[in-house]
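Enquirer: To convert, note that position 14 of the sequence shown is 14 in this note's numbering; the numbers rise steadily by one, no gaps. Virtual Cβ for every residue (Gly too), placed ideally from N, Cα, C.
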Amino acid sequence: MSQVKIRDFKNIVFFTGAGMSAESGVPTYRGKGGIWKEYNYEEYACQAAFDSNPEKVWEFHNKRREMVAKCAPNEGHRLLAQLEKELDNVTIVTQNIDGFHQKAGAQKVFELHGSLWKIRDDKEGILAETFDAPFTAFKRETGTYWRPHIVWFGDMLHADVVEGAVQAIQNCDLLVSIGTSGVVYPAAGFPDLAKKNGATLVEINPQETAVSHLYDITLRGPATQMLPTLL
Ligand code: BV8
Numbered sequence: 001m002s003q004v005k006i007r008d009f010k011n012i013v014f015f016t017g018a019g020m021s022a023e024s025g026v027p028t029y030r031g032k033g034g035i036w037k038e039y040n041y042e043e044y045a046c047q048a049a050f051d052s053n054p055e056k057v058w059e060f061h062n063k064r065r066e067m068v069a070k071c072a073p074n075e076g077h078r079l080l081a082q083l084e085k086e087l088d089n090v091t092i093v094t095q096n097i098d099g100f101h102q103k104a105g106a107q108k109v110f111e112l113h114g115s116l117w118k119i120r121d122d123k124e125g126i127l128a129e130t131f132d133a134p135f136t137a138f139k140r141e142t143g144t145y146w147r148p149h150i151v152w153f154g155d156m157l158h159a160d161v162v163e164g165a166v167q168a169i170q171n172c173d174l175l176v177s178i179g180t181s182g183v184v185y186p187a188a189g190f191p192d193l194a195k196k197n198g199a200t201l202v203e204i205n206p207q208e209t210a211v212s213h214l215y216d217i218t219l220r221g222p223a224t225q226m227l228p229t230l231l
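#1: Report, in whole angstroms, the separation of the C-beta atoms of M20 and G179, which I expect to be a contact under 8 Å.
#2: What is the DSSP secondary structure of N96, reduced to helix, strand or coil?
#3: Going by the beta-carbon positions, is the gap between F15 and F190 smaller than 8 Å?
#4: Please classify R64: does DSSP put it in a helix, a strand, or coil?
#5: Does the distance from the CB of D192 to the CB of N11 come in under 8 Å?
#6: What's the call for Y215, buried or exposed, on a 16-neighbour Cβ count within 10 Å?
#7: Measure the Cβ-Cβ separation of K123 and T144 and say whether it is below 8 Å.
#8: Is any non-hydrogen atom of the ligand BV8 found closer than 7 Å to the C-beta of M156, if you look at the structure I gave you?
#9: Please report how far the alpha carbon of F110 lies from the alpha carbon of T142, in whole angstroms.
#10: Could you give the distance in angstroms between the alpha-carbon of M156 and the alpha-carbon of Q167?
#11: Rounded to whole angstroms, how far is the Cβ of L80 from the Cβ of A106, which I believe are closer than 8 Å?
#12: From the DSSP output, in three-state form, read off D121 for me.
#13: Assess contact between the segment 213-231 and the segment 60-78, defined as three or more Cβ pairs (one per stretch) separated by less than 8 Å. Is contact present?
#14: Alpha carbons only, please: which of V211, V57 and Y29 is nearest the one belonging to E42?
#15: On the three-state DSSP scale, how would you describe Y44?
#16: If I'm right that A188 touches V211 with Cβ under 8 Å, what's the distance once you round it to whole angstroms?
#17: Measure the Cβ-Cβ separation of L83 and I6 and say whether it is below 8 Å.
#18: If you run the structure through DSSP and keep just helix, strand and coil, what is V57?
#19: Since V13 is in the beta strand (DSSP E), which residue starts that stretch and which ends it?
#20: For P27, is the classification buried or exposed, using 16 other Cβ atoms within 10 angstroms of its Cβ as the cut-off for buried?
#21: Is E23 near the ligand BV8, judged by its Cβ being under 7 Å from some heavy atom?
#22: Give the C-beta separation of T200 and G182 to the nearest angstrom, bearing in mind that I take them to be a contact with Cβ-Cβ under 8 Å.
#23: Given this structure, state the Cα-to-Cα distance separating D121 from V4, to the nearest angstrom.
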């Protein structure tokens, strides 16, 4: 049982990574079967690749749309959404792009790395959302292309999202990190902001991570089993 109980805290942030959706069947990035083990992001998931071969980049992202569309939020996503409804101040800051927190009913979600379901036309400056899987109308009549609204390596994170996420993290008294390897910056540095402001930090991950030393409590197990021990 965990000696930390969520209801003993007032301002709670759940900081999630790909491990949050592992039990939904969505592959993680760096573990066994990880996405970046199978695909070189420089060929399929970065601005330069998109500029030189948008069709190839869309083929990769449509594979991911179809694969995620076959999966569903798990017990862990549902529990976080329920806690957000029940408690006064719960915020979810996610590195995930699958939209499963929202699909499970969560409202206050900051998507640090964008969304698989959002698209944008940088030339026209427009943002849209489509759950088509696959999304085939990526070449626009204007001759421009819809781009996945995803923060790729080398992209700046979206300032408004970072501002909201950092504000919640700096004001929290409990940060629970779930399913992240803590290697991608600037996101990986965010939990330290909470620590510097005196928050209690809990890490839920079956494995030791690059940032485990930051955490007051580490729960070594899968999210759906470890989260209930915090109730
Ligand atoms: C930036 C998009 C400023 C979504 C991703 C050189 C050139 C350019 C940049 C850099 C550079 N060197 C360093 C950088 C910065 C770079 C970076 O940090 N690189 C790292 C790898 C060294 N960061 C950036 O580029 C960021 N932008 O810095 O802008 C800038 C600009 C120009 C030049 C310099 C700086 C943008 C980062 C965003 C990258 N986008 N993907 C997509 O395509 O899918 S990366 C990818 O990593 C995802 O976004 C993912 O969210 C993120 C983090 O991964 P995790 O979520 O932690 O997943 P992972 O698989 O790693 O771990 C899963 C964990 O779950 C494991 O620990 C496992 O044990 C655990 N687990 C498994 N099962 C369970 C579980 N846990 C609980 N329960 C379970 N059941």
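Expert: According to the data block:
#1: Taking the first residue of the sequence shown as 1, we reach residue 20 at position 20. Taking the first residue of the sequence shown as 1, we reach residue 179 at position 179. The pair is a contact, with the Cβ atoms about 4 Å apart (cut-off 8 Å).
#2: Here residue 96 is taken as the residue at index 96 of the sequence shown, counted from 1. In this structure, N96 counts as coil in the three-state DSSP scheme.
#3: Working through the sequence shown from its first residue, we reach residue 15 at position 15. Working through the sequence shown from its first residue, we reach residue 190 at position 190. A contact, by the Cβ cut-off of 8 Å.
#4: For the purposes of this step, residue 64 is taken as residue 64 along the sequence shown, with counting starting at 1. Helix at R64.
#5: Position 192 of the sequence shown, counting from 1, holds the residue named residue 192. Position 11 of the sequence shown, counting from 1, holds the residue named residue 11. No; because the gap between Cβ atoms is not below 8 Å, this pair is not in contact.
#6: Translated into positions along the sequence shown, residue 215 becomes position 215. It is buried - the Cβ of Y215 has at least 16 other Cβ atoms within 10 Å.
#7: Counting from 1 along the sequence shown, the entry for residue 123 is found at position 123. Counting from 1 along the sequence shown, the entry for residue 144 is found at position 144. Against a cut-off of 8 Å, the Cβ pair of T144 and K123 comes out as a contact.
#8: Mapped onto the sequence shown, residue 156 falls at position 156. Yes, Cβ of M156 sits closer than 7 Å to a heavy atom of the ligand BV8.
#9: The residue labelled residue 110 in the question sits at position 110 within the sequence shown. The residue labelled residue 142 in the question sits at position 142 within the sequence shown. Rounded to whole angstroms, F110 to T142 spans 31 Å at the Cα level.
#10: The residue you call residue 156 lines up with position 156 of the sequence shown. The residue you call residue 167 lines up with position 167 of the sequence shown. So the alpha carbons of these two residues sit roughly 18 Å apart.
#11: Taking the first residue of the sequence shown as position 1, residue 80 is located at position 80. Taking the first residue of the sequence shown as position 1, residue 106 is located at position 106. Indeed they touch by this definition, with Cβ atoms about 6 Å apart.
#12: Here residue 121 refers to the residue found at position 121 when the sequence shown is read from its first residue. Strand, per DSSP.
#13: yes
#14: As a position in the sequence shown, residue 42 is number 42, starting the count at 1. Among V211, V57 and Y29, the Cα nearest to that of E42 is on V57.
#15: Position 44 of the sequence shown, counted from the first residue, corresponds to residue 44. Here Y44 sits in helix by DSSP.
#16: Position 188 of the sequence shown holds residue 188. Position 211 of the sequence shown holds residue 211. Right, their Cβ atoms sit about 6 Å apart.
#17: The residue given as residue 83 occupies position 83 in the sequence shown. The residue given as residue 6 occupies position 6 in the sequence shown. Yes.
#18: Within the sequence shown, numbered from 1, the residue matching residue 57 stands at position 57. Helix, per DSSP.
#19: If you number the sequence shown from 1, residue 13 lands on position 13. Segment N11 to T16, the beta strand (DSSP E) holding V13.
#20: Here residue 27 refers to the residue found at position 27 of the sequence shown. With 16 or more Cβ atoms within 10 Å of its Cβ, P27 is classed as buried.
#21: Here the question's residue 23 lines up with position 23 in the sequence shown. Yes, since a heavy atom of the ligand BV8 falls inside the 7 Å radius drawn around the Cβ of E23.
#22: Within the sequence shown, residue 200 is the residue found at index 200, counting from 1. Within the sequence shown, residue 182 is the residue found at index 182, counting from 1. T200 to G182, Cβ: 17 Å. No contact.
#23: Numbered from 1 along the sequence shown, position 121 holds the residue referred to as residue 121. Numbered from 1 along the sequence shown, position 4 holds the residue referred to as residue 4. Roughly 45 Å between the two C-alpha positions.
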